[in-house]
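What follows is a set of notes on a single structure, which appears directly below.
Set out below in structure tokens:
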């Protein structure tokens, strides 16, 4: 998933969610998400103890895999849409002589 404006939404929730509503499991998930974002932002070859070349190669591989997954997800969504009747049926098509 790639939610838009993740960082600003996370900061908004952390700053403005009522304290009584930010406890237990909700607080745990918020903290886990904040930690994951901080980890990704600070990731570097030195921090991960890998060579610069390996870091670049693995980052490029991850981006490529993410793009492929996005493509597959789009195909799946399209297939679900078509199966749900979202495709134009023959009865809805404009005959070629009228088009």
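In full-length UniProt numbering, the protein residues as written are 1 to 99. Positions of the beta carbon are idealized from the N, C-alpha and C atoms, including for glycine.
Return the residue from the list the options that minimises the CA-CA distance to residue i.
{"i": "residue 44", "options": "34, 56, 35", "result": "56"}
{"i": "residue 9", "options": "41, 81, 34, 71", "result": "34"}
{"i": "residue 3", "options": "47, 60, 70", "result": "70"}
Under three-state DSSP, which class holds residue i?
{"i": "residue 68", "result": "helix"}
{"i": "residue 43", "result": "coil"}
{"i": "residue 81", "result": "helix"}
{"i": "residue 50", "result": "coil"}
{"i": "residue 57", "result": "helix"}
{"i": "residue 9", "result": "helix"}
{"i": "residue 22", "result": "coil"}
Assuming residue i and residue j are in contact, meaning their beta carbons sit under 8 angstroms apart, how far apart are those beta carbons, in whole angstroms?
{"i": "residue 37", "j": "residue 61", "result": "Going by Cβ atoms, the distance from residue 37 to residue 61 rounds to 21 angstroms, so no, they are not a contact pair."}
Does the structure place the region 2-20 close enough to the region 30-40 that three or more beta carbon pairs sit under 8 angstroms? yes
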